[in-house]
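Below: one structure, written as structure tokens.
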Amino acid sequence: MYAELNGLRMFYEDRSSSDPTGVIVFLHGFPLDHSIWRHQLDYFSTSYRCIAPDLRGFGASSELKKPAEPTPLTVDTFAADIVALLEHLHIKSANFVGLSMGGYIALAIWRRLATRKLVRRLIFSNTRAAGDTPETKANRKRQAELVKTQGTRPYADEMLPRLLAPENIERCGNEVRHMIERTHPDTIVATLEALAARKDMTDWLRRVQVKTLVIAGEKDVISPPSDSELIAREVDSGKLVVIPNAGHLTPLEQPDAFNEAMYAFLR
Numbered sequence: 001m002y003a004e005l006n007g008l009r010m011f012y013e014d015r016s017s018s019d020p021t022g023v024i025v026f027l028h029g030f031p032l033d034h035s036i037w038r039h040q041l042d043y044f045s046t047s048y049r050c051i052a053p054d055l056r057g058f059g060a061s062s063e064l065k066k067p068a069e070p071t072p073l074t075v076d077t078f079a080a081d082i083v084a085l086l087e088h089l090h091i092k093s094a095n096f097v098g099l100s101m102g103g104y105i106a107l108a109i110w111r112r113l114a115t116r117k118l119v120r121r122l123i124f125s126n127t128r129a130a131g132d133t134p135e136t137k138a139n140r141k142r143q144a145e146l147v148k149t150q151g152t153r154p155y156a157d158e159m160l161p162r163l164l165a166p167e168n169i170e171r172c173g174n175e176v177r178h179m180i181e182r183t184h185p186d187t188i189v190a191t192l193e194a195l196a197a198r199k200d201m202t203d204w205l206r207r208v209q210v211k212t213l214v215i216a217g218e219k220d221v222i223s224p225p226s227d228s229e230l231i232a233r234e235v236d237s238g239k240l241v242v243i244p245n246a247g248h249l250t251p252l253e254q255p256d257a258f259n260e261a262m263y264a265f266l267r
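Counting in UniProt numbering, the sequence shown runs from 1 upward without gaps.
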């Protein structure tokens, strides 16, 4: 399905049971698309209404018209798009599940007083609250230059062993590579710049007053379990689950364990 909003033609999946218990909004990570959630959509759409969008520029979502002078992309831009989509769908409250960058977006929606009422519960997966270190900022700049000059394939080559636990590369690698390589280079570059500019949100965690589940991958080298431990400790009502044999893409790498943790939290 598509919705035209905020100068964007946004693709989203909307799957539901005949009598849904509630709404779950799935926010994918970078540089991926909504299909990273395919196992969760199959599992939870039997009892919930599940909304899984492709974020601006990712997957099948695209700008309606290239602006003459584009404004820099930010995490808040993505958050505003999601809020507009929920308004379009007349959804007033939802459980938000954010993977990596999707977690940043979910927290941005909570952070805005005007949209906080949308958030029923939060599930953060493989994410962190801290901003980029100088070293990470420099690495994002290097990666942006790589994509500008050589395209998405060498970037995918670099990212796969960081995104996935070693034992999951053979099983999940081609699927993740496809998501990365079909993303437009301009989108990857703009998002790398947005992530580098993201501010530290650690202080905001103490203001989160909804039930929160934090899921970590035991072998995540991008957002290690210590990042998830901090989030679970700082929020008002946080629970931490560390899933074995998972890297940065736990919903894809260990879907059964991920779904079980989510189900137990939401019921």
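Ideal Cβ positions, reconstructed from N, Cα and C, are used throughout, including at glycine.
> Can you check whether the CB of Leu5 is closer than 8 Å to the CB of Asp81?
Replying inline: Here Asp81 is near Leu5, since their CB atoms are less than 8 Å apart.
> Which residue's Cα is closest to the Cα of Phe258: Val214, Arg206, Ala3 and Met179?
Replying inline: Closest option to Phe258, Cα to Cα, is Val214.
> Which two residues bound the contiguous beta strand (DSSP E) that contains Arg120?
Replying inline: Annotation for Arg120: the continuous beta strand (DSSP E) segment containing it runs Val119 to Ser125.
> DSSP state of Leu8, grouped into three classes?
Replying inline: Three-state result, Leu8: strand.
> Three-state secondary structure (DSSP) at Tyr48?
Replying inline: Tyr48 falls in the coil class under three-state DSSP.
> Any idea which residues DSSP pairs Ala3 with across the strands?
Replying inline: Per DSSP, Met10.
>> Quick check on Leu163: does DSSP put it in helix, strand or coil?
In response: The answer is helix: DSSP assigns Leu163 an H, G or I state.
>> Please classify His88 as buried or exposed, where buried requires at least 16 other C-beta atoms within 10 Å of its C-beta.
In response: Exposed, since its Cβ has fewer than 16 Cβ neighbours within 10 Å.
> Run through DSSP, which three-state label would Val210 get?
Replying inline: Looking at Val210 - three-state DSSP - the assignment turns out to be coil, as it is neither helix nor strand.
>> So, under 8 Å CB-CB, Glu144 and Leu192 are touching, yes? Tell me the CB distance rounded to an integer number of Å.
In response: For clarity, residue 144 is Ala in the given sequence; the question names Glu instead. The C-beta distance from Ala144 to Leu192 rounds to 5 Å, short enough to fall under 8 Å.
> What is the DSSP secondary structure of Leu195, reduced to helix, strand or coil?
Replying inline: Leu195: helix per DSSP, three-state reduction.
> Are the Cβ atoms of residue 282 and Leu73 separated by less than 8 Å?
Replying inline: It is not possible to answer for residue 282, since the shown part of the chain is limited to 1 through 267.
> Could you check where the beta strand (DSSP E) with Phe26 kicks off and where it finishes?
Replying inline: That run of the beta strand (DSSP E) goes Val23 to Leu27.
> Mind pulling the alpha helix (DSSP H) runs of 4 or more residues that sit fully within the stretch 72-138?
Replying inline: Counting only runs of 4 or more, we get 75-88 and 101-111.
> Which residues does DSSP pair with Ser62 in a beta bridge?
Replying inline: The partner list for Ser62 (beta bridge, DSSP) reads Arg9.
> Would Ile231 pass as a contact of Ala129 if the rule is Cβ separation under 8 Å?
Replying inline: Yes, the Cβ-Cβ distance between Ile231 and Ala129 is below 8 Å.
> Pick from Arg56, Leu27 and Lys199: whose alpha carbon is nearest that of Ala190?
Replying inline: The residue with the shortest Cα to Cα distance from Ala190 is Arg56.
>> Can you look up Ile243 in the DSSP assignment and give me helix, strand or coil?
In response: Ile243 falls in the strand class under three-state DSSP.
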